[in-house]
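Below is one structure, written out as structure tokens; the observations come after it.
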Amino acid sequence: MLSKTERNYLSRKINPNKNYEYKILYSIRKKLKEFYHLELPLINSSPKVHCAVGA
């Protein structure tokens with residue numbers, strides 16, 4: 176789940192300096208990578224969750 180700062184950055188509600196922007200982007204990429212490689216395969220392989228999400 177993205178933090179409030181990460182969500183605000185993506186919706187362009189904040190304009191951080193370059194160093195902080197790099198940190199935010201790194202954090203977002205890390206979370207997305209973890210989601211796609213670890214959590215999404217679990218969601219797709221579970222028939223109960225898959226049916227509930229598709230409904």
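Residue numbers (our numbering): 176 to 230.
Ideal Cβ placement from N, Cα and C applies to all residues, glycine included.
Query	Result
7 Å Cβ cutoff met for TYR184 and ILE199	yes
Of the residues LYS206, LEU215 and ASN192, the one placed nearest SER178, counting alpha carbons only	LYS206
Residue span of the alpha helix (DSSP H) that contains ASN219, given as start and end	215 to 220
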